[in-house]
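Have a look at the structure below, then the notes.
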DNA sequence: TTCTAGTTTAGAATCATTCTAATTTTCTTG
DNA sequence: CAAGAAAATTAGAATGATTCTAAACTAGAA
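Chains as they are written, first to last, in our numbering: chain A, 882 to 1024; chain B, 882 to 1024.
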């Protein structure tokens, strides 16, 4: 064989997105970007992501996954959702939208942005700026 | 002395509220009820509550505090807020209102209900009922 | 007063997340 | 391409909130 080919087009795309975000396209970051930055809307926890990476043949240290998720968050590539169960979930959907939370499982369900009229921002306390607005409807399965 | 007097009026009130909620008025539950069910709006974590109880001369096991907070929550006497830092905060204000969260400190600030028009409930997924709606505006101190 | 179910308790256990210090990679620059 | 510095990754320990456990205590009924 003359040359190692890139594993897939996505892999190159992922590397480009990383460079655009000033993140070195390491093997680990590329593997994560391939899963999470492919345009599909998802909610993942660090542990879920690890299992997925293992299944995909790209196991890596949990610490690395946490590092990457934080870096992706700071780069604006992912959005953390703090309202679910114990674990933080990362949302690949960066658009303006909100969530139902199944109180029992911690699972998130997107609320269609058309279905709810977003409230206007109330006046903020002095010296602060709004970082995000989250509207969460906690759901319980009917008995 | 002929009789042991109740420590305070609140103590008796607290016991009544507990009985009304089908919770035995134990020494520990009364101490907590006195602090949290006196009508003032507050946000407390389990650890903060423990410090307060120690300062008040009513130290008790952290496990008991967690137990009580959960029981009070189930009885509808307190409302948990999951959006803050790592720890769950319990809100003594049961009215319809929402929160600012200082992202750095985890501190909650009530949003005056008059200042924001509550969004209508979106259509819920089948088989679920809404347990609560939380609107949270995450704040960061301006640099 | 006695009994029993309901409570409290100290301390161990758990779970998500962060930290640490050592090893490995990436990306220059020569 | 070789070498080195800076950036990343890693295993495993540490942390912090919360839950669990099993034993000791207490409230309220009889």
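Yeah, the Cβ is synthetic: ideal placement off N, Cα and C, and Gly gets one too.
Among all the DSSP beta bridges, which residues are the ones paired with residue 935/A? BP columns for residue 935/A are empty, so no partner.
Among the candidates 1007/A, 953/A, 1022/A, whose CA atom is the shortest distance from the CA of residue 900/A? 953/A
Fill in: Burial state of residue 1003/A, where buried means 16 or more other Cβ atoms lie within 10 Å
buried
Would you call the segment 953-962 of chain B and the segment 979-986 of chain A touching, i.e. three or more CB-CB distances under 8 Å? No contact exists between the segment 953-962 of chain B and the segment 979-986 of chain A.
Item to check | residue 1017/B burial status per 10 Å Cβ neighbour count (16 or more: buried) | outcome: buried
CA nearest to the CA of residue 1005/B, picked from 1011/A, 1005/A, 991/A = Check the Cα spacing between residue 1005/B and each of 1011/A, 1005/A, 991/A: the tightest is with 991/A.
**Item:** Inter-residue Cα distance where the pair is residue 963/B and residue 969/A
**Value:** 11 Å
* To do: Run the CB neighbour count on residue 931/B, radius 10 Å, all protein chains shown included, and call it buried at 16 or more, exposed below.
  => buried
Using a beta-carbon distance cut-off of less than 8 Å, what residues from the segment 996-1020 of chain B approach chain A?
996, 997, 998, 999, 1000, 1001, 1002, 1003, 1004, 1005, 1006, 1008, 1009, 1010, 1011, 1012, 1013, 1014, 1015, 1016, 1017, 1018, 1019, 1020
Original post:
Relative to chain A, which residues along the segment 961-985 of chain B have a C-beta separation below 7 Å, given in chain order?
Top reply: 963, 964, 981, 984
By the 10 Å Cβ neighbour count, where 16 or more other Cβ atoms means buried, how is residue 823/B classified, buried or exposed?
Since the first residue of chain B shown is 882 and the last is 1024, residue 823/B is not available in this structure.
Cutting at 8 Å between CB atoms, please list the residues of its own chain near residue 934/A, excluding the five before and the five after it.
Excluding sequence neighbours, residue 934/A sits near 912, 913, 916, 940, 941, 946.
Run through DSSP, which three-state label would residue 1010/B get? strand
**OP:** Work out the CA separation of residue 1023/A and residue 1008/B for me, nearest whole Å.
**Re:** 6 Å
Notebook entry, point to check: For residue 977/B versus residue 994/B, is the C-beta distance shorter than 8 Å?
Noted result: yes
8 Å Cβ cutoff, residue 898/B in contact with chain A:
no
Using three-state DSSP, classify residue 945/B as helix, strand or coil. Residue state, collapsed to three classes: helix.
To which residues of the same chain is residue 884/B closer than 8 Å at the C-beta, ignoring the five residues directly before and after it? Reliability of the predicted coordinates at residue 884/B is poor, the pLDDT of 44 falling under 50, and no value is obtained from them.
Problem set entry | Distance CB(residue 1010/A)-CB(residue 904/B) smaller than 8 Å | no
- [ ] For chain A, find out if any of its Cβ atoms is closer than 8 Å to the Cβ of residue 887/B; answer yes or no.
- [x] Model confidence at residue 887/B stands at a pLDDT of 42, short of 50, so the residue's coordinates are unreliable; what they give is reported in the following sentence. With 8 Å as the cut-off, residue 887/B does not count as an interface residue toward chain A.
Review point. Taking DSSP as the reference, what is the three-state secondary structure of residue 1018/B?
Key: strand
- [ ] Any chance you could list the beta strand (DSSP E) runs of at least 3 consecutive residues sitting entirely within the segment 975-1004 of chain A, in chain order?
- [x] 979-983, 989-992
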